[in-house]
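Data first, discussion second: the structure below is written as structure tokens.
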Amino acid sequence: MKLKRVVIKNFRSIKHLEFEFPESNLLVLVGPNNSGKSNIIRAINLICGEDWVSSERLQDYDFYLRDKSKEIRIELIFDNGSSAIFSSSSRWPEYRDVLGNLIRDQNIKEDFPSTYLGADRAFDRHISFYDWSLLGKIRKTFHKRAYNLSDKLEERFNEIVDLFDQVPGFSEFKKILVNFLKNYKQMFH
1 MKLKRVVIKN FRSIKHLEFE FPESNLLVLV GPNNSGKSNI IRAINLICGE
51 DWVSSERLQD YDFYLRDKSK EIRIELIFDN GSSAIFSSSS RWPEYRDVLG
101 NLIRDQNIKE DFPSTYLGAD RAFDRHISFY DWSLLGKIRK TFHKRAYNLS
151 DKLEERFNEI VDLFDQVPGF SEFKKILVNF LKNYKQMFH
């Protein structure tokens, strides 16, 4: 799942910003100091980062021009159609699946992982295998996707075996091979 579209309204120095990630899936934020680059990343991390954000945790400086009457709204749309939306008028972010159904799962942060590396670029915490470190998130995502992939691979393997079973003489060859391997295993174990 990749981030496809971002909408940010009234968050810190950003009054209104909307953009889609290019086809190359690579986005470079370039601009002078204090132009809002970090605030874009912070907005994404607010929803997908390791901390649980709530409207109660917002500070005055999180609101555009420190005006708390202006609603903060951050929308993240992913390439599979799911979305994550945070509004200062709601207590918690909303995570929705591809059909628009509200996702209520305490492990939701695992489905929308994000890691923020601040200006200090301190990588030491992010290269540990702690679940919420960058490396930990990569590991968990890999295992989750590999698990789903293993089911598909096993299904395809069984389809191939079924095809071979239709070849004349293969069933007999398979019996001989299985018996040979059993005998071999007994001899050396």
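The UniProt record's numbering numbers the first residue of the sequence shown as 1 and each following residue consecutively.
Where is the CB? At the ideal position from N, CA and C, for every residue including glycine.
None of the values given here were measured: they were computed from a predicted structure.
Among the options, the one whose alpha carbon lies nearest that of residue i
i           : options                       : result
Gly31       : Glu23, Asn25, Ile40           : Ile40
Ser13       : Asp97, Tyr64, Phe164, Glu110  : Tyr64
Ser87       : Lys152, Glu75, Tyr184, Asn179 : Glu75
Leu3        : Glu71, Thr141, Asp79          : Asp79
Ile44       : Tyr61, Arg66, Glu18           : Glu18
Leu99       : Lys109, Ser114, Ile77, Asn107 : Ile77
Glu56       : Ser90, Tyr116, Ile108, Asn101 : Ser90
residue 201 : Lys15, Glu110, Glu94          : No answer is possible for residue 201: it lies beyond the span of the chain, which begins at 1 and ends at 189.
Val6        : Phe164, Ser82, Tyr61          : Ser82
For residue i, the three-state DSSP class (helix, strand or coil)
i      : result
Tyr147 : helix
Ile176 : helix
Tyr116 : coil
Phe142 : helix
Glu20  : strand
Leu58  : coil
Asn34  : coil
Val167 : coil
Gly136 : helix
CA-to-CA distance, residue j to residue i, given in whole angstroms
i           : j      : result
Glu59       : Arg73  : At residue 59 the sequence reads Gln, which differs from the Glu that was named. Approximately 15 Å, taken between the alpha carbons.
Lys144      : Lys68  : 40 Å
Asp97       : Asn33  : 36 Å
Ile176      : Ile160 : 19 Å
Val28       : Lys37  : 10 Å
Lys182      : Ala84  : 53 Å
Leu134      : Ile8   : 24 Å
Lys137      : Phe188 : 42 Å
Asp111      : Phe142 : 12 Å
Asp105      : Arg139 : 20 Å
Lys109      : Ile103 : 11 Å
Leu153      : Gln166 : 20 Å
residue 191 : Tyr184 : Look at the range of the chain in this structure, 1 to 189, and you will see that residue 191 is not part of it.
Residues bridged to residue i [DSSP beta-bridge criterion]
i     : result
Leu3  : Phe78
Ser87 : Arg73
Ile14 : Phe11
Arg96 : Ser83, Leu102
Phe63 : Phe11
The ligand NAD heavy atom lying under 8 Å from the CB of residue i
i     : result
Val28 : Ligands in the displayed structure: none, and consequently the ligand NAD is not present.
Item to check | Cβ contact (3+ pairs, closer than 8 Å) linking the segment 13-23 and the segment 50-57 | outcome: Pairwise C-beta distances place the segment 13-23 out of contact with the segment 50-57, as fewer than three of them are shorter than 8 Å.
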